[in-house]
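A.B. asks: Note that the numbering used here has the sequence shown beginning at 3, numbered continuously upward. Take this structure, written in structure tokens, and hold onto it; I'll ask about it next.
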Amino acid sequence: NGWISPVVLFLKYQKSFSNWCQKLNYLDLSKNSLEELPSKVFHGLRYLDTLYLSRNSISDLPTGVFGHLERLEFLDLTYNSLESVPLALLSQLRSLKDLRLEGNRLTALEPGLLKPLILLEKFSVSYNKIRRIPPLLFRYNKNLNNVDISYNHLHKLPSSLLRNLTKLQWFYCTYNHIERLDCDTFVGNGELKELRMDGNHLESLPPGLLQNLIQLEEVSFAENRLTSLLASTLAQIGTSVETIANFDLNRLTSLPSDTLEQEAQTTIKETQKSRTSLWKERWTMTRIKRLMTTWLIFPPMGLSLIAQETLKGTVSNPAATDCKTKKSVRNR
3 NGWISPVVLF
13 LKYQKSFSNW
23 CQKLNYLDLS
33 KNSLEELPSK
43 VFHGLRYLDT
53 LYLSRNSISD
63 LPTGVFGHLE
73 RLEFLDLTYN
83 SLESVPLALL
93 SQLRSLKDLR
103 LEGNRLTALE
113 PGLLKPLILL
123 EKFSVSYNKI
133 RRIPPLLFRY
143 NKNLNNVDIS
153 YNHLHKLPSS
163 LLRNLTKLQW
173 FYCTYNHIER
183 LDCDTFVGNG
193 ELKELRMDGN
203 HLESLPPGLL
213 QNLIQLEEVS
223 FAENRLTSLL
233 ASTLAQIGTS
243 VETIANFDLN
253 RLTSLPSDTL
263 EQEAQTTIKE
273 TQKSRTSLWK
283 ERWTMTRIKR
293 LMTTWLIFPP
303 MGLSLIAQET
313 LKGTVSNPAA
323 TDCKTKKSVR
333 NR
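See below:
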């Protein structure tokens, strides 16, 4: 339509913001049709701590474009056209706490990409085309509490990916192609509050997968290919006051009888049901001397065993199976 963003015109002739706003600490360049940035555009902005570059058309960034932003804490590069993020691009951002890369065209991440970001707390790379994630991507990011790698093309979640993240509270890996999880995938993530693995290709959950996640408040494995759930898995879902567990739209045909009180079980015939009439039953049990309320949302078809509205008492012999891993791995 012939319209040219004033920012585009400014950068075309000025090349840098430093000549007139050296004390700037907040800069929003979102939605400006930017296709490229001059390599020295941010030089001299020593006090900049927040930078928005979202919803432009940036496909490539000069290696040193962020080189002088030593105080930058927030960087939003969402919904551009980035196909890669060079190692050197983030190497000087040692104060960065929040990095957002969702909605680009990334197909891979360099193994050492986040190594300099030792203060990083939030990382999002959802809505890209990433097929493989480096097993030690977060090795140096021990302050991470929120990770979102949803809506990519991942087939495997490395068991070592989250191992050092003792402060992790929110993990999202929805709508990928994950086929299996190792039993030690979440070892060391004792502060985890929300875990979402919806829309993957999981057919089963290994024993011990959710063990020791005592802070868990919400867990969802909806829209996978689960056909059964181990009693030990259900017994491990949260010990907080209220836990929401969602197994909607799977292929479950039964629930383990030793998890539910025998007198409260009801067998029903297999029926076809629409999504609008999902079985939603409240399952209450006492564990760890506290009342835990769990909502189980069951699939619309293939269900042959469901719990009645309220169950009282303790779970007898939940048969929780420890994940057998090497001591060296557990003590990292």
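Where is the CB? At the ideal position from N, CA and C, for every residue including glycine.
What is the rounded straight-line gap between the Cα of Thr65 and the Cα of Ala90?
C.D. replies: Spanning the two alpha carbons is a distance of roughly 6 Å.
A.B. asks: By alpha-carbon positions, which one of Asp78, Leu74, Tyr81 ends up nearest to Arg96?
C.D. replies: Ranking the options by Cα distance to Arg96, first place goes to Leu74.
A.B. asks: Can you tell me whether Leu29 is helix, strand or coil according to DSSP?
C.D. replies: Strand, per DSSP.
A.B. asks: From what residue to what residue does the beta strand (DSSP E) around Thr52 run?
C.D. replies: Segment 52-54, the beta strand (DSSP E) holding Thr52.
A.B. asks: Give me the residue from His203, Asn166, Phe188 with the minimum Cα distance to His179.
C.D. replies: Comparing Cα-Cα distances from His179 to each of His203, Asn166, Phe188, the minimum goes to His203.
A.B. asks: Find the nearest neighbour of Val149 within the set Cys175, Ser59, Ser93, judged by alpha-carbon distance.
C.D. replies: If we check each option's Cα against that of Val149, Cys175 comes out closest.
A.B. asks: Hey, Thr187 and Leu159 are a contact pair by Cβ (cut 8 Å); roughly how many whole angstroms apart?
C.D. replies: Their Cβ separation, rounded to whole angstroms, is 6 Å, which keeps Thr187 and Leu159 in contact under 8 Å.
A.B. asks: In three-state terms, what does DSSP make of Ala224?
C.D. replies: DSSP places Ala224 in coil when its eight states are reduced to three.
A.B. asks: Rounded C-beta distance between Thr229 and Glu205? I'm assuming under 8 Å.
C.D. replies: Between Glu205 and Thr229 the Cβ distance is about 7 Å, and since that is below 8 Å, they are a contact.
A.B. asks: Going by DSSP in three states, Leu92 sits in which element: helix, strand or coil?
C.D. replies: DSSP places Leu92 in helix when its eight states are reduced to three.
A.B. asks: How many angstroms separate the CA atom of Glu123 from the CA atom of Cys185?
C.D. replies: Approximately 25 Å, taken between the alpha carbons.
A.B. asks: Quick test of your reading: Leu71 and Leu39, contact by CB under 8 Å. State the CB separation rounded to the nearest angstrom.
C.D. replies: Incorrect: roughly 12 Å between the Cβ atoms, too far for contact.
A.B. asks: Where Met303 and Arg227 are concerned, what is the direct C-alpha to C-alpha distance, given to the nearest angstrom?
C.D. replies: Model confidence at Met303 stands at a pLDDT of 36, short of 50, so the residue's coordinates are unreliable; what they give is reported in the following sentence. Whole-angstrom Cα-Cα distance: 13 Å.
A.B. asks: Between Asp30 and the rest of its own chain, which residues show a CB-CB distance below 6 Å, the 5 nearest in sequence each way excluded?
C.D. replies: For Asp30, where only same-chain residues beyond five positions count, the Cβ hits under 6 Å are Tyr54.
A.B. asks: Going by DSSP, which residues form a beta bridge with Asn202?
C.D. replies: Answer by DSSP bridge pairing: none, since Asn202 is not bridged.
A.B. asks: Considering only the alpha carbon of each residue, which of Leu218, Leu77, Leu50 lies closest to Trp172?
C.D. replies: Of the candidates Leu218, Leu77, Leu50, the one whose C-alpha sits nearest the C-alpha of Trp172 is Leu218.
A.B. asks: Rounded to the nearest angstrom, what separates Gly201 and Tyr153 at their Cα positions?
C.D. replies: In a straight line, the C-alpha of Gly201 is about 9 Å away from that of Tyr153.
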